[in-house]
Amino acid sequence: MNKGLLRLITLVLVTGVLLAGGPAWSQPVPPKPGTNTYVFDYANLIDPAAREEISGVAAALDRATKAQVVVVTVNGLVGKPIEEYALELFRTWGIGDQEKNNGVLLLVDRERLEAGQSGKVRIEVGYGLEGAIPDGKAGRILDQYVLPLWQQGRVSEGIRQGFLALAAEVAREYQVDLSSQDLAPLRTAPQVQDEGIPIGTIILILIILFILFGGGRGSRRRRYFGGPFFGGFGGFGGSGRGGGFGGGGFGGGFGGGSSGGGGASR
23 MNKGLLRLIT
33 LVLVTGVLLA
43 GGPAWSQPVP
53 PKPGTNTYVF
63 DYANLIDPAA
73 REEISGVAAA
83 LDRATKAQVV
93 VVTVNGLVGK
103 PIEEYALELF
113 RTWGIGDQEK
123 NNGVLLLVDR
133 ERLEAGQSGK
143 VRIEVGYGLE
153 GAIPDGKAGR
163 ILDQYVLPLW
173 QQGRVSEGIR
183 QGFLALAAEV
193 AREYQVDLSS
203 QDLAPLRTAP
213 QVQDEGIPIG
223 TIILILIILF
233 ILFGGGRGSR
243 RRRYFGGPFF
253 GGFGGFGGSG
263 RGGGFGGGGF
273 GGGFGGGSSG
283 GGGASR
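Offset between the sequence shown (1-based) and our numbering: plus 22.
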């Protein structure tokens, strides 16, 4: 077979593997808010009382620590993975302080929630709070506080309890006293494995790339394997780090914080 045709076919196969996780998506994230509001209930899932409580606790936490814990509900993501949507929203809005990168996002997709699908909720954690809320702990918060209440049909209460558990972890990290806000303590639970692309898929991609670019002399291989294909793999595991987005301080929008993909989804 013609070598050029073989490479073209292989590139098509690689593209198909990378895009096999879901259909194309195009829905943009909501525009960056102009003021520090901590609850954006676009899908109307949160009761007024819970919304007011979340806003009060989040504002107190922001004033004391500059950390921002934000709750967002949306009606649907049009097939977009919730991890990518959450990361894009987090960076576009600049949740958290620009220097401390201490933002946390609790994102809920109403469409997948009502359909009982995975990818219905995501906790996205800024760089500066990855030690306080590692991926396993974020997953346990969802498993212990959010999902059990949702299974009882108590959607608003599940969101409220998830937020309070996150706020409690942030308060402990900064050693501030928000006990008057009725913060939820985090119970001990088994470690939750982090999510990511299945290892079999990664191996398949590497094999295809080796077939595609493995021929020729050693110098040619070094040139290709140091190129954009392998440089771009950092984002799949959620470890790629980018610059912060946005600016401003309290009363003028979020502070410009960023995230590298840490957190958990269910």
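Don't be surprised by glycine CBs; every beta carbon is placed ideally from N, CA and C.
Bear in mind the structure is a predicted one, so any value in this text is a computation, not a measurement.
- Query: How is Ser77 classed by DSSP in three states: helix, strand or coil?
  - Reply: helix
- Just checking, does the segment 173-193 make contact with the segment 70-86 on the three C-beta pairs under 8 Å criterion? yes
- Query: Helix, strand or coil: how does DSSP classify Ala193 here?
  - Reply: Three-state result, Ala193: helix.
- Query: Under a three-way DSSP split, which group does Val177 fall into?
  - Reply: helix
- Look up Ser287 in the DSSP assignment and give the residues it is bridged to. Arg144
- Contact the segment 151-170 vs the segment 96-109: 3+ CB pairs below 8 Å: no
- When you compare each of Gln174, Tyr64 and Gly175 to Val51 by their alpha carbons, which one comes out closest? Tyr64
- Message: For Asp84, count the other beta carbons within 10 Å of its own beta carbon; 16 or more makes it buried, fewer makes it exposed. Which is it?
- Response: buried
- Item | Proximity below 8 Å, CB of Ala89 to CB of Tyr167 | Against a cut-off of 8 Å, the Cβ pair of Tyr167 and Ala89 comes out as no contact.
- Message: Taking its Cβ as the centre, do 16 or more other Cβ atoms sit within 10 Å of Ile68, making it buried, or is it exposed?
- Response: buried
- Nearest-angstrom Cα separation, counted from Pro70 out to Gln120: 30 Å
- Item | Rounded C-alpha distance that separates Val91 from Arg194 | One Cα belongs to Val91, the other to Arg194, and the distance between them is close to 14 Å.
- If you check the beta carbons only, do Arg162 and Ile104 fall under 8 Å apart? no
- Query: When DSSP labels each residue in this structure, what does Thr57 get in the three-state scheme?
  - Reply: coil
- Query: Just reading off the alpha helix (DSSP H) that Leu109 is part of, what are its end residues?
  - Reply: It spans Ile104 to Trp115 - the alpha helix (DSSP H) in which Leu109 sits, taken as one unbroken run.
- Query: Cα separation between Gly158 and Ser178?
  - Reply: 23 Å
- Message: According to DSSP, is Asp199 part of a helix, a strand, or is it coil?
- Response: coil
- How should Ala137 be labelled, buried or exposed, when 16 other C-beta atoms within 10 angstroms of its C-beta is the threshold for buried? It counts as exposed.
- Bridge-paired residues (DSSP) for Leu128: Val93 and Ile145
- Give the straight-line distance between the Cα atoms of Thr87 and Leu127, rounded to the nearest whole angstrom. 16 Å
- Buried or exposed (CB count within 10 angstroms, at least 16 for buried), Asp131: Counting Cβ neighbours within 10 Å, Asp131 comes out buried, since at least 16 surround it.
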